[in-house]
Amino acid sequence: MLILILGVALWWAAHLYKRVAPASRASMGERGKGMVTGLLVLSIILMVIGYRGAEGAFFWGPNPALVGINNLLVLVALYLFAASGMKTRVTAMTRHPMLWGFALWAGAHLLVNGDTPSFILFGGLLAWSFVEMVAINRASPWVRPTGPFPARKEAMAAVGAVIVMIVIGLIHGWIGPWPFGGA
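The opening position of the sequence shown corresponds to residue 1 in full-length UniProt numbering, with each subsequent residue numbered one higher.
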């Protein structure tokens with residue numbers, strides 16, 4: 001369990017370093033980006049190894065209704081990721097579409113994984129996403145995008161989310177539990 005906790009803590013630290021010590025991070029320039037990337041890769045490795053090896057109390061598991069809700073939330077999360085990168089209409093509604101997508105992804109995984117390691121992993125990442133939003137909001141004012149927001153981009157974000165969902169689902173099934181229920 002310690003490896004999992006270290007992985008989540010390192011994820012938090014690597015992301016929040018820029019917010020907590022902006023002058024220090026800025027003084028590192030491009031080298032700092034490489035360092036943060038390396039720390040994030042290491043945090044993901046630690047989280048994967050730690051989660052796979054962690055044991056803890058089990059409170060609930062997936063059921064057909066929760067799996068369906070999880071998959072719908074993950075699809076919306078993927079749309080928010082795509083919409084953020086494509087600057088679609090949702091970017092005028094929230095400053096943090098990618099972080100909201102991340103929060104939805106983490107929350108969705110808590111719905112179907114009711115065990116202590118999942119509370120640490122997905123709960124820790126869910127909490128991080130909210131802390132990150134607050135930190136960004138405190139660091140600088142938001143300038144709301146005004147558009148235009150072409151329908152073509154909205155459609156591309158939606159189709160992209162479906163395609164990525166299928167690909168992630170297949171990979172998820174190969175390396176872990178089948179995410180679409182049934183099998």
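Quick reminder that beta carbons are idealized off the backbone N, C-alpha and C, glycines included. Here the structure is a predicted model, which means the values were calculated and not measured.
{"Asked": "Would a C-beta distance cut-off of 8 angstroms place M93 and S84 closer than the cut-off?", "Found": "no"}
{"Asked": "CA-CA distance, G160 and R25?", "Found": "34 angstroms"}
{"Asked": "Throw me the rounded Cβ distance for the L10 and S43 pair, which I believe falls under 8 angstroms.", "Found": "4 angstroms"}
{"Asked": "How would you call F81, buried or exposed, if buried means at least 16 neighbouring beta carbons within 10 angstroms?", "Found": "buried"}
{"Asked": "Which value, in whole angstroms, describes the spacing of the CA atoms of M156 and P148?", "Found": "15 angstroms"}
{"Asked": "At which residues does the beta strand (DSSP E) containing F59 begin and terminate?", "Found": "F58 to W60"}
{"Asked": "Rounded to the nearest angstrom, what separates L39 and A14 at their Cα positions?", "Found": "6 angstroms"}
{"Asked": "What residue range does the alpha helix (DSSP H) around A139 cover?", "Found": "T116 to A139"}
{"Asked": "Tell me where the alpha helix (DSSP H) around V90 begins and ends.", "Found": "No alpha helix (DSSP H) contains V90, which DSSP labels as neither H nor E."}
{"Asked": "How do the segment 131–142 and the segment 68–81 stand: do at least 3 beta-carbon pairs fall below 8 angstroms, yes or no?", "Found": "no"}
{"Asked": "For the segment 99–119 against the segment 71–80, do three or more pairs of beta-carbon atoms, one drawn from each stretch, fall closer than 8 angstroms, so that the two count as touching?", "Found": "yes"}
{"Asked": "Taking the straight line between their C-alpha atoms, what separation do you get for F122 and G173?", "Found": "19 angstroms"}
{"Asked": "Can you list the beta strand (DSSP E) stretches of 3 or more residues lying completely in the segment 43–88, in chain order?", "Found": "58–60"}
{"Asked": "Return the CA-CA distance between R144 and L6, expressed in angstroms with no decimal places.", "Found": "36 angstroms"}
{"Asked": "Does DSSP put W11 in a helix, in a strand, or in coil?", "Found": "helix"}
{"Asked": "Taking only three categories from DSSP, how would you classify T146?", "Found": "coil"}
{"Asked": "Ignore the nearest five residues each way along the sequence and tell me which others in P22's own chain have a CB closer than 8 angstroms to its CB.", "Found": "A139"}
{"Asked": "For V91, count neighbouring C-beta atoms within 10 Å of its own C-beta (all shown protein chains included) and say buried if the count is 16 or more, exposed if not.", "Found": "Note on identity: in this sequence residue 91 is Thr, with Val being the wrong assignment. The residue in question, T91, is buried, as its Cβ has 16 or more Cβ neighbours within 10 Å."}
{"Asked": "Could you pull out every residue in the same chain whose Cβ sits closer than 6 angstroms to the Cβ of E154, ignoring the five residues on either side in sequence?", "Found": "T88"}
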